[in-house]
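In the order they appear, the protein sequences are chains A and B. The working numbering puts the first residue of the first sequence at 128, with every later residue one more than the last. The working numbering puts the first residue of the second sequence at 28, with every later residue one more than the last.
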Amino acid sequence: AQTVTQSQPEMSVQEAETVTLSCTYDTSESDYYLFWYKQPPSRQMILVIRQEAYKQQNATENRFSVNFQKAAKSFSLKISDSQLGDAAMYFCAYRTPNDYKLSFGAGTTVTVRA
Amino acid sequence: GAGVSQSPRYKVAKRGQDVALRCDPISGHVSLFWYQQALGQGPEFLTYFQNEAQLDKSGLPSDRFFAERPEGSVSTLKIQRTQQEDSAVYLCASSLASAWGKETQYFGPGTRLLVL
């Protein structure tokens, strides 16, 4: 079974600063997909960014970027120029090409200080 | 267009009561999922539908949990004889076609169930 670990229960960042969230995973597969989802308080979870394991280039979506280290099985999320609206719980998730289940980490709560 | 909707948003049940949680996926989405999210944890898979067929129910914690999607659109998760350990947020997600690989799952806002 795949295991996704987020070792930081909480992170705090000053508005306009940068914060990096950690995620590691355990798998014997060579091809898979990694995701970061954002879950604001009492609101629905939305996909922030997605990385395909066979792509060496790190994915970027506006202020969100990842550092994908396949050998280390590490998939961190960097939020640049943090905004108050970035405050949420962030989940790292994993899925193989032949599966439909997402395996989630326990989440990291991000607070943004004005 | 409209996203995934769930109702009710909050449900308080007395232990032993039956509850029914509804999910309206995005129109035209073939795949539908239910996840259970305990407080402070990530979602955990419960069950998966492709159209009206329930292809995987391996994550359902007990036979008190039952899910259906009779016409391939709206789905209902039913919990019989609720227990305190059933207290959680129940998330529904849908995806357009097959649910494999990089296909995006779109989540609803969840139903927060509290069993007293």
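A virtual CB, placed ideally from N, CA and C, is assigned to each residue, including glycine. This one's a predicted model, so the numbers in the text were calculated from it and none came from an experiment.
Secondary structure of residue i, DSSP reduced to three states
i: residue 112(B); result: helix
i: residue 211(A); result: helix
i: residue 83(B); result: strand
i: residue 133(A); result: coil
i: residue 29(B); result: coil
i: residue 230(A); result: strand
i: residue 220(A); result: strand
i: residue 192(A); result: strand
i: residue 45(B); result: coil
i: residue 131(B); result: coil
i: residue 107(B); result: coil
i: residue 240(A); result: strand
i: residue 206(A); result: strand
Interface partners of residue i on chain A, CB under 9 Å
i: residue 136(B); result: 169, 170, 171, 172
i: residue 92(B); result: Neighbours of residue 92(B) on chain A: none; closest Cβ ~16 Å, over 9 Å.
i: residue 58(B); result: 227
C-alpha gap between residue i and residue j, whole angstroms
i: residue 69(B); j: residue 233(A); result: 4 Å
i: residue 229(A); j: residue 210(A); result: 28 Å
i: residue 168(A); j: residue 216(A); result: 8 Å
i: residue 138(B); j: residue 79(B); result: 22 Å
i: residue 241(A); j: residue 134(A); result: 25 Å
i: residue 98(B); j: residue 145(A); result: 47 Å
i: residue 130(A); j: residue 107(B); result: 30 Å
i: residue 198(B); j: residue 132(B); result: The structure shown does not extend to residue 198(B), since chain B is modelled only from 28 through 143, so no value can be given for it.
i: residue 163(A); j: residue 43(B); result: 37 Å
i: residue 48(B); j: residue 218(A); result: 24 Å
i: residue 130(B); j: residue 124(B); result: 8 Å
i: residue 214(A); j: residue 206(A); result: 11 Å
Where residue i meets chain B, residues with beta-carbon distance less than 8 Å
i: residue 234(A); result: 67, 68, 69
Cross-chain neighbours of residue i in chain A, by beta carbon under 8 Å
i: residue 75(B); result: 227, 228
i: residue 99(B); result: In chain order: nothing, as chain A lies at least about 16 Å away.
Residues that residue i contacts on chain A, provided the C-beta gap is smaller than 7 Å
i: residue 132(B); result: 229
* Any beta strand (DSSP E) of 3 or more consecutive residues that is wholly inside the segment 136-188 of chain A -> 137-141, 146-148, 151-153, 160-166, 173-179
* Asked: What residues in the segment 190-217 of chain A bring their beta carbon closer than 8 Å to a beta carbon of chain B?
  -> none
* Going along the segment 30-55 of chain B in order, which residues come within less than 8 Å of chain A, judged by CB to CB distance? -> 30, 31
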